[in-house]
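Participant: Attaching a single structure in structure tokens format; questions to follow.
Numbering (the numbering used here), first residue to last: 363 to 907.
This is the structure in structure tokens:
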């Protein structure tokens, strides 16, 4: 980590210590006054710059210019005079930042008052170069900076290559085997203990298989406001891992909550290794990155549980989930090329990486050894060279398997059938089964999605409850379905009992145009949904043995 000499200046708003003038940007954070000051240094003759663009609707920062040295209009900062060399922007620290899939929020707020900033945001805009540096200062009287390999420092200089979060405030910290853990003081004690236990176990296991690497800072925080239902949100970046627990339900430990933390950490910590080779920005590498982390998680869990059947069970779940995650009539490559591919890289990618790891043997130990060998090889041969998915395929793979693997990635809707062929050729038995109760619920939800899409002009909004499928409270585009109703029957039968048979009935009725009765758990009268056209078929759930 490169650091920079310090020097003292006095600005108009408060005395602070900033970094050397070689830094094009200094960011000053004060959690007491809830202010951020962004100090931009310009070479003589500059006209200004374009500020980094946030996602539409994101109001995380409301920047204003301190003084009259520049004007800010629609994200464009224009200097008032050509000899202006320093401009200060300021913003109130907001209560929250919008979370979106595969978008890193520029700010995260801990419940104990700590603020975490996404450092690359402040090196964005239209002037970032490889030689830029950025200085950070904790201006609050009791605040320190955590991250970037440092803790309890008042100022920090980082290079433009830094990609991660920095925390400002008074969080709890812990260092284990060189890894810095930064904890929200409000985090439930049981959750903190589990994060320590699980992450230490995962890092020890992956290091044994793949060797040592520089591990980033781990941030963990809790936001109990807004919802009783617990959920989590996390991000992995080259220089930090963040785990956010949301909802008051995290206050008390349960087996489900522990499993949720375990699944997140086992997955995200593997990215420290399988993200080292620089992937090409194309559709297929998502399968390797996310699917690889899912398979690593399953292998690690199997080793913890000492359950020889656990890995195949996890891959079976992924294969069936992949079929449901893929949009109807959409090929894998088309889905991966969308802005939000959802769970497809995880479920489908796990199956693909499992197939690549089963070329030399089907025993769990053989698959695990082959899988980690794939990544050990990639870490050496592609550390600095972009890789394609084909680069991970063993040279010992026979031509027929190779053809099926390539076919699965093609343009037609054949990923799951192609992967079934691959697995059978590798010696696995892949047979239709009734499916688990959880899988039957997912199949039933697919049926309701298709009906709702027809009745509500493409709008689909509901969630699963123990009683049935709860429709959204606002359904202005629906003709028949009732807002806030809990769907319990379709065509007079419970949809999650035998969803395959129900879907076959619907396909026959809707092909010629028919009214479908949808019943509710309350005294609401059934809705009569007119259905016409082709309803997608549902494949029978599969089991891998």
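For every residue, glycine included, the Cβ atom is placed at its ideal position computed from N, Cα and C. Please read these numbers as outputs of a predicted model, since none were measured by experiment.
Using a 10 Å radius around the Cβ and a threshold of 16 neighbouring Cβ atoms, would you call residue 814 buried or exposed?
Facilitator: Position 452 of the chain shown holds residue 814. Answer is buried; the Cβ neighbour count reaches 16.
Participant: How close, in whole Å, do the beta carbons of residue 473 and residue 585 come, if the pair is a contact with beta carbons under 8 angstroms?
Facilitator: Locating residue 473 in the chain shown gives position 111, where the first residue counts as 1. Locating residue 585 in the chain shown gives position 223, where the first residue counts as 1. Confirmed, about 6 angstroms.
Participant: DSSP beta-bridge partners for residue 594?
Facilitator: Locating residue 594 in the chain shown gives position 232, counting from the first residue. 607, per the DSSP bridge assignment.
Participant: When DSSP labels each residue in this structure, what does residue 633 get in the three-state scheme?
Facilitator: For the purposes of this step, residue 633 is identified with residue 271 of the chain shown, where counting begins at 1. Note: residue 633 maps to helix in three-state DSSP.
Participant: Does DSSP put residue 872 in a helix, in a strand, or in coil?
Facilitator: The sequence position of residue 872 within the chain shown is 510, counting from 1. The answer is helix: DSSP assigns residue 872 an H, G or I state.
Participant: Which of the three DSSP states, helix, strand or coil, is assigned to residue 582?
Facilitator: The residue given as residue 582 occupies position 220 in the chain shown. If DSSP states are grouped into helix, strand and coil, residue 582 belongs with the strands.
Participant: Please list the segments of the beta strand (DSSP E) lying wholly inside the stretch 491-530, counting only runs of 3 or more residues, in order along the chain.
Facilitator: Counting whole runs of 3 or more residues, the stretch 491-530 contains the beta strand (DSSP E) stretches 495-500, 506-509, 512-515 and 517-521.
Participant: Since I believe residue 734 is in contact with residue 542 (beta carbons under 8 angstroms), could you give me their beta-carbon distance rounded to a whole number of angstroms?
Facilitator: On the chain shown, residue 542 is found 180 positions in, with the first residue counted as 1. On the chain shown, residue 734 is found 372 positions in, with the first residue counted as 1. No, residue 542 and residue 734 are not in contact; Cβ-Cβ is about 26 angstroms, not under 8 angstroms.
Participant: Which ranges does the alpha helix (DSSP H) cover as unbroken runs of at least 4 residues, wholly within the stretch 663-702, from first to last along the chain?
Facilitator: Counting only runs of 4 or more, we get 672-687 and 694-698.
Participant: Looking at the strands, I want to know which residues DSSP matches up with residue 390.
Facilitator: To locate residue 390, count along the chain shown from 1; it is residue 28. Residue 390 is bridged to 399 and 499.
Participant: Within 8 angstroms: the Cβ of residue 701 and any heavy atom of the ligand ZN?
Facilitator: As far as ligands go, the structure on display features none, and thus does not contain the ligand ZN.
Participant: For residue 825, list the residues DSSP reports as bridge partners.
Facilitator: Looking up residue 825 in the chain shown gives position 463. According to DSSP, which records beta bridges pairwise, residue 825 is partnered with 832.
Participant: Assuming residue 515 and residue 556 are in contact, meaning their beta carbons sit under 8 angstroms apart, how far apart are those beta carbons, in whole angstroms?
Facilitator: Locating residue 515 in the chain shown gives position 153, where the first residue counts as 1. Locating residue 556 in the chain shown gives position 194, where the first residue counts as 1. About 28 angstroms separates the two Cβ atoms, so there is no contact after all.
Participant: What's the gap between the Cα of residue 881 and the Cα of residue 822?
Facilitator: The residue labelled residue 881 in the question sits at position 519 within the chain shown. The residue labelled residue 822 in the question sits at position 460 within the chain shown. If I take the Cα positions, the gap works out to 17 angstroms.
Participant: So, with DSSP's three-state summary, where would you put residue 538?
Facilitator: Taking the chain shown and counting its residues from 1, the one referred to as residue 538 is at position 176. Residue 538: strand per DSSP, three-state reduction.
Participant: Measuring only the C-alpha atoms, how far is residue 672 from residue 396?
Facilitator: Along the chain shown, read from residue 1 onward, the residue named residue 672 stands at position 310. Along the chain shown, read from residue 1 onward, the residue named residue 396 stands at position 34. Going by the C-alpha atoms only, they are around 49 angstroms apart.
Participant: Would you kindly report the start and end of the unbroken beta strand (DSSP E) that includes residue 855?
Facilitator: Sequence index remark: in the chain shown, residue 855 carries index 493 (1-based). That residue, residue 855, is in no beta strand (DSSP E); it is neither H nor E in DSSP.
Participant: Between residue 911 and residue 873, what straight-line distance do the alpha-carbon atoms span, to the nearest angstrom?
Facilitator: Because the chain here runs from 363 to 907, residue 911 falls outside it and cannot be looked at.
Participant: Could you check which residue in 716, 547, 666 and 443 has the C-alpha nearest to that of residue 583?
Facilitator: Position 221 of the chain shown, counted from the first residue, corresponds to residue 583. Measuring from the Cα of residue 583, the nearest candidate turns out to be 547.
Participant: Looking at residue 605 and residue 628, is the spacing between their C-beta atoms short of 9 angstroms?
Facilitator: Here residue 628 refers to the residue found at position 266 when the chain shown is read from its first residue. Here residue 605 refers to the residue found at position 243 when the chain shown is read from its first residue. The answer is no: Cβ separation not under 9 angstroms.
Participant: Check whether the Cβ atoms of residue 441 and residue 404 lie closer than 9 angstroms to each other.
Facilitator: As a working note, residue 441 is residue 79 in the chain shown. As a working note, residue 404 is residue 42 in the chain shown. Yes, these two residues count as a Cβ contact at 9 angstroms.
Participant: Assuming residue 558 is part of the alpha helix (DSSP H), what are its boundary residues?
Facilitator: Indexing the chain shown from 1 puts residue 558 at position 196. From DSSP, the alpha helix (DSSP H) with residue 558 extends over 551-572.
Participant: Residue 907 by DSSP, collapsed to three states: which one?
Facilitator: Stepping through the chain shown from its first residue, residue 907 is reached at position 545. Looking at residue 907 - three-state DSSP - the assignment turns out to be coil, as it is neither helix nor strand.
Participant: For residue 544, count the other beta carbons within 10 Å of its own beta carbon; 16 or more makes it buried, fewer makes it exposed. Which is it?
Facilitator: Numbered from 1 along the chain shown, position 182 holds the residue referred to as residue 544. Buried: at least 16 other Cβ atoms inside 10 Å.
Participant: Quick one: what's got a C-beta closer than 6 angstroms to residue 613's C-beta in the same chain, skipping five residues either side?
Facilitator: As a first step, residue 613 is located in the chain shown; it is residue number 251 there, counting from the start. Only 550 meet the Cβ criterion.
Participant: Can we say the stretch 697-716 touches the stretch 798-817, given the rule of at least three CB pairs closer than 8 angstroms?
Facilitator: Contact between the stretch 697-716 and the stretch 798-817 is absent, because fewer than three Cβ pairs lie under 8 angstroms.
Participant: Residues in its own chain within less than 7 angstroms of residue 525 by CB, not counting five upstream and five downstream?
Facilitator: Here residue 525 is taken as the residue at index 163 of the chain shown, counted from 1. 482, 599, 600 and 601.
Participant: So residue 848 and residue 827 are in contact, right, with Cβ under 8 angstroms, and what is the actual spacing, rounded?
Facilitator: Taking the chain shown and counting its residues from 1, the one referred to as residue 848 is at position 486. Taking the chain shown and counting its residues from 1, the one referred to as residue 827 is at position 465. About 7 angstroms; that satisfies the 8 angstroms criterion.
Participant: For residue 577, which of helix, strand or coil comes out of DSSP?
Facilitator: The residue you call residue 577 lines up with position 215 of the chain shown. Three-state result, residue 577: coil.
Participant: Just the Cα atoms here: how many angstroms apart are residue 513 and residue 506?
Facilitator: For the purposes of this step, residue 513 is taken as residue 151 along the chain shown, with counting starting at 1. For the purposes of this step, residue 506 is taken as residue 144 along the chain shown, with counting starting at 1. C-alpha separation (whole angstroms): 7 angstroms.
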